[in-house]
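First residue of the sequence shown? That's 4 in this note's numbering, and the numbers climb one at a time after it. In this text, a Cβ means the ideal position worked out from N, Cα and C, and glycines have one as well. Computed from a prediction, not measured in an experiment: that's the story for all the values here.
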Amino acid sequence: MNKAVQDKLKPIFTISEDVEPLSEQLAGNKEHFVFLQKKNKVYAYVFLKDLGVDSWASPDITLKRLQSNAISLENVGILKPNNTITLPFIFWIMGEPIVLVKDESNKLIGYITREDMLVELFREENKNINLLKILLASIPMGMFVVDHERRVVNCNESGLRMIHSTLDKVMGIEAGSIFRKDHLEKVFSTGETLLNQIHITDEMGVLIDYSPIENSQGKVDGAVIIVQDLPMVKEMAMEIEFVKDLNQDLNAILSTIYDEILVVNEKGILLRHSENYISDFWKEDLKNLVGKNLLEMERKGVFTPSVARLVIEKGKKVSIVQETESGKKILAIGNPFFNDEGKLQRIIIASRDITENTKLKSELMQTKEISRKYKEELDSLRNKTEASKKIIYRSSKMEKIMIQIRKLAGFSSTVLVLGESGVGKELIAQAIHKEGNRSNRPYLTINCGAIPENLLESELFGYTKGAFTGADPNGKMGYFQQADGGILFLDEIGEIPTHLQVKLLRVLQQNEVVPVGGAQAIPVDVQIIAATNKDLGKMVEEGTFREDLFYRINVIPIYVPPLRERSEDVPLLAYHFLRKLNQQYGKNYHFTPDALSLLEVYTWPGNIRELQNLIERLFVTADDEVITANFVSQFLKFGNNGKTKPMVTGIIPLKEAQDHVEEQLISLAMEKYKTTTKAAIALGISQSAVSRKLHKISQRQKNH
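Here it is, written out as structure tokens:
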């Protein structure tokens, strides 16, 4: 045992569990450790820091508390005279904060702190230093030891490699010239540990922990710097800087947008807004409304309805048309943003005065960016059909249908496609063929309502030589035989005559056909996909469609929803049709965002077919390549056709009659269109007027 170690040796301060009071035994202990003794045998020690108190004089210290925090001496390293310092011994002494010291007679004479022990091992000029170098080298992280003068006194190869330096350049120099000087000074001044500090220079990109080395008096006598080389730290830091720059750019862009942009949290509180806002809507500076709840303002009647409330209630994008007192039409669009857990976090509300037709040229770049986004979405659509016959969608309802189609791929079950006229039932049939195991086999289509009744039978089942006057002398194969091994799409199956329904049922049940004029049944393997816009169940009740045939074709029903029930598909479809026309005629027409929003809120009674025809009409008649909401609104007819008139069955006061009719109309419109915006368009009044009348109706019903 060298003199330096003897100088650092501290006496064993023991207390006996059998002697009371405890406070008297602890009095006078100035060290950080106390040893427990029972029956004249020292068996454990307690570290003051583990007790969570400042001194041994604390009244909170009890024998039970000491025992619960005691550490057995069996876990502590022991230093004896002429000890051979080995690498495992160094690891052992690093496991506890103290090292026990015994004399030649194996008597416990004191202890030395782990920090003092390690410092002495570092300072020794013998073979022990090689062991410490081995110890440092075995640590995968970089390690630098700094003395009280803030100079590097030791390090390992891992650390040198991580900071891209050499031993001769590092040893003895101020650590602040390599690492953060302010971080190092904070460790020395406060004794606190600093973790996970990113340090980026031209030479290195590392993650650093700064830990103090305290002496026996609790003062910081040095520091250990642990370095972790993270290959992505530089990239992460650059990305953080990029995000900061991007945030500044976005703030600058936000200040130049002439739309009114509001950022609202999940509770409806206004967080921030753009520089531009619609003054005659708010009637005061928006800065005064930051931090206020828009839902509460709606309840007080400041405005109605609240776009934020509608987004919170529905959990999806909401578009409404509002009207100011001066008669301006305001298109307000609320978009929800969700966190990683799927919870609503922010609502972005964009409002625009759609009565104006100015500043459109400055909007062209934004429109092109939106077009690019839709193009990317279209290019990634999940379908395998040819470009001219893609199923364009992004709604959840159509996604469910596409999932169902993919599930049918390995089967040949009969499918019945239902839906209104113009929803794209034939495209669904084509998708089933393309996705299925018959994709390389024939796909034939026949419209049962477009072929005369006397020809439909021969077209479906074929005929033999001389079957009827004017027949082909060689006979003819019907659609079932031509589609053998593939798919036959029977469109408008509700139009098929009753007598042919029996023959069709035989094909479905027996998988064989008998041509007109023939007697020999011909086996066929055909998957049937039928489609109709009629209520076949009702036709069965009326006797115009066979019940057994209905059940035979209704194996896998697929209902294609009308366009009004999947309005989120409208912008994609509109862009798709416009792009096809641009390609066909070499043009470059674009929709403005508010034009697409206006198309989205329309109900589309003619479904996709009506939308496609309208896009072509807009394309042909537009005077400018930028198609605006004002221009689109000229071609859309909102509301009823004016043919239905209320019926009066008795004489009542005129005002009462007006209130009664108004209540019925508002209730019917809300029941049909669900939103005040669509109801207002149908009724030919402003959205705010619908909201006010709804409130009056509600109050009137409560009073009754």
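Bridge partners of residue i, per DSSP?
i      : result
ILE181 : Bridge partners of ILE181: none, in fact.
LEU265 : HIS276 and ILE352
THR17  : PHE38
ASP212 : ILE229
LEU447 : LEU491
SER322 : ILE336
GLN732 : There is simply no residue 732 to check, as the chain begins at 4 and stops at 707 in what is shown.
ILE75  : Reading off the sequence, residue 75 comes out as Ser, not Ile. Beta-bridge pairing links SER75 to ALA47.
MET174 : Its beta-bridge partners do not exist; DSSP assigns none.
Can you give the Cα-Cα distance for residue i and residue j, rounded to whole angstroms?
i      : j      : result
THR116 : VAL79  : 11 angstroms
PRO560 : GLN615 : 26 angstroms
ARG397 : ASN585 : 23 angstroms
LYS130 : MET146 : The predicted position of LYS130 is uncertain, since its pLDDT is 49 and thus under 50; a value taken from the coordinates is nonetheless stated next. Using only the alpha carbons, I get a separation of about 20 angstroms.
PHE16  : SER214 : 28 angstroms
GLU665 : VAL246 : 54 angstroms
HIS502 : PHE594 : 51 angstroms
LYS400 : ASP185 : 58 angstroms
LYS541 : GLY422 : 15 angstroms
GLU263 : GLU498 : 53 angstroms
LEU599 : VAL573 : 8 angstroms
LYS11  : THR204 : 40 angstroms
LYS403 : TYR578 : 23 angstroms
ILE64  : VAL56  : 8 angstroms
TYR605 : ARG567 : 7 angstroms
GLU709 : GLY194 : Because residue 709 is not part of the residues shown, which for the chain are 4 to 707, the question remains open.
GLN735 : MET405 : Residue 735 cannot be examined here, being either before or after the span of the chain that is shown, 4 to 707.
TRP306 : PRO608 : Here residue 306 turns out to be Phe, not Trp, going by the sequence shown. Rounded to the nearest angstrom, the two C-alpha atoms are 31 angstroms apart.
LEU69  : VAL45  : 14 angstroms
ALA486 : GLY425 : 25 angstroms
With residue i as the anchor, note down where its alpha helix (DSSP H) starts and where it stops.
i      : result
THR116 : Not the alpha helix (DSSP H): THR116 falls in the beta strand (DSSP E), residues 111–116.
GLU316 : 310–317
ILE669 : 657–676
PRO574 : 573–588
GLY162 : 160–165
THR679 : 679–686
ASN610 : 610–624
LEU459 : 456–464
PHE50  : No alpha helix (DSSP H) holds PHE50; the beta strand (DSSP E) holding it covers 44–50.
GLN407 : 399–410
LEU25  : 25–29
Residues in the same chain with beta-carbon distance under 8 angstroms from residue i, minus the five sequence neighbours each way, listed in chain order, please.
i      : result
GLU429 : THR448, PHE492, ASP494 and ALA534
LEU686 : GLY642, LEU668, ILE669, ALA672 and VAL693
ASN268 : LEU274, GLN348, ARG349 and ILE350
GLU438 : LYS387, ILE408, ARG409, LEU411 and ALA412
ASN644 : Legend: pLDDT at ASN644 = 46, less than 50; position of this residue unreliable, no value from coordinates given.
PHE50  : HIS35, PHE36, ASN72, ILE74 and PRO100
Note the first and the last residue of the continuous beta strand (DSSP E) segment covering residue i.
i      : result
SER58  : Premise fails: SER58 is in no beta strand (DSSP E) and is neither H nor E.
THR535 : 530–535
GLY145 : 145–149
GLN40  : 36–41
PRO596 : Looking at the DSSP string, PRO596 is not in any beta strand (DSSP E); the run it does join, the alpha helix (DSSP H), is 596–604.
TYR562 : 559–562
Report back the beta-carbon spacing between residue i and residue j to the nearest angstrom; my notes put them in contact at under 8 angstroms.
i      : j      : result
SER180 : ILE281 : Rounded, the Cβ-Cβ distance is 58 angstroms, inconsistent with contact.
VAL527 : SER416 : VAL527 to SER416, Cβ: 16 angstroms. No contact.
PHE464 : VAL519 : 6 angstroms
LYS83  : LYS105 : 5 angstroms
ALA625 : PHE634 : 7 angstroms
GLU217 : GLU344 : That pair is no contact at about 43 angstroms.
LYS468 : ASN477 : 6 angstroms
LEU265 : ILE352 : 4 angstroms
ALA335 : VAL314 : Actually they are not in contact, since the Cβ atoms of ALA335 and VAL314 sit about 10 angstroms apart, beyond 8 angstroms.
Using 7 angstroms as the limit for Cβ to Cβ distance, is residue i near chain D?
i      : result
GLU495 : Of the protein chains in the structure, only one exists, and it is not chain D.
Just to confirm my understanding: we take residue i, look at its own chain, exclude 5 residues before and 5 after, and list those with CB closer than 7 angstroms. What are they?
i      : result
MET144 : SER161, ILE229, VAL230 and GLN231
VAL22  : GLN28
ASN440 : ALA412 and GLY413
MET650 : Caution is warranted here: a pLDDT of 48 is assigned to MET650, below 50, making its placement in the model unreliable, and the coordinate value is therefore given only provisionally. Excluding sequence neighbours, MET650 sits near nothing in its chain.
ASN450 : ASP494 and GLU495
LEU576 : ILE395, ILE611 and LEU614
GLY113 : LEU12, LYS13, PRO14, ILE15 and VAL104
Going by beta carbon distance, what residues of the same chain come within less than 6 angstroms of residue i, once the five residues before and after it are set aside?
i      : result
GLU206 : HIS167
PHE191 : VAL223
VAL505 : none
LEU292 : LEU273
GLY489 : ARG441, ARG444, PRO445 and TYR446
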